[in-house]
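Undergrad: According to my numbering, the residues represented by the sequence shown are 662 to 739, in order.
We put the CB at the ideal spot given by N, CA and C, even for glycine.
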Amino acid sequence: MRKAIVIIPARFGSKRFPGKAIAPIAGLPLIVRVMQAAQKSKRVSDVFVATDDQRIADAIKQYGGKTFLSQKPHATGS
662 MRKAIVIIPA RFGSKRFPGK AIAPIAGLPL IVRVMQAAQK SKRVSDVFVA TDDQRIADAI
722 KQYGGKTFLS QKPHATGS
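1. For I721, which residues of its own chain have a beta-carbon under 8 Å away from its beta-carbon, when the five flanking residues on both sides are left out?
2. In the structure shown, what three-state DSSP assignment does K676 receive?
3. State the CB to CB distance for the pair K664 and V705, rounded to an integer number of angstroms; the pair is presumed to be in contact (CB under 8 Å).
4. Going straight from the alpha carbon of S675 to that of I683, what length do you get?
5. Rounded to a whole number of angstroms, what is the C-alpha to C-alpha distance between S739 and I717?
Set out below in structure tokens:
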């Protein structure tokens, strides 16, 4: 079976809830929970988080994840 690479977009500057990506949910940042859920899939070979903010990248790295830092001018996280 072929496996997919997952790229999860995550912005810090949300209009309605700034910092939502690193808001703690039951002790873990939300984006870490999303990353871990993707990592559990048997059809996924690798998971990356694409972000415009070092704080999100740091949270992902703290839990052993991989990140890409993107440019700030994006209107959305994708």
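TA: Concretely, from the data shown:
1. By 1-based counting over the sequence shown, the position of residue 721 is 60. Closer than 8 Å at Cβ, skipping near neighbours: I692, V693, M696, V710, T712, K727, T728.
2. Here the question's residue 676 lines up with position 15 in the sequence shown. Three-state result, K676: coil.
3. For the purposes of this step, residue 664 is taken as residue 3 along the sequence shown, with counting starting at 1. For the purposes of this step, residue 705 is taken as residue 44 along the sequence shown, with counting starting at 1. With 8 Å as the limit, K664 and V705 qualify as a contact, their Cβ atoms being about 6 Å apart.
4. Counting from 1 along the sequence shown, the entry for residue 675 is found at position 14. Counting from 1 along the sequence shown, the entry for residue 683 is found at position 22. The straight-line gap from Cα to Cα measures roughly 11 Å.
5. Counting from one through the sequence shown, the residue named residue 739 turns up at place 78. Counting from one through the sequence shown, the residue named residue 717 turns up at place 56. Bear in mind that the predicted position of S739 carries a pLDDT of just 49, short of 50, making it unreliable; the figure below should be weighed with that in mind. Distance between the alpha carbons of S739 and I717: 15 Å.
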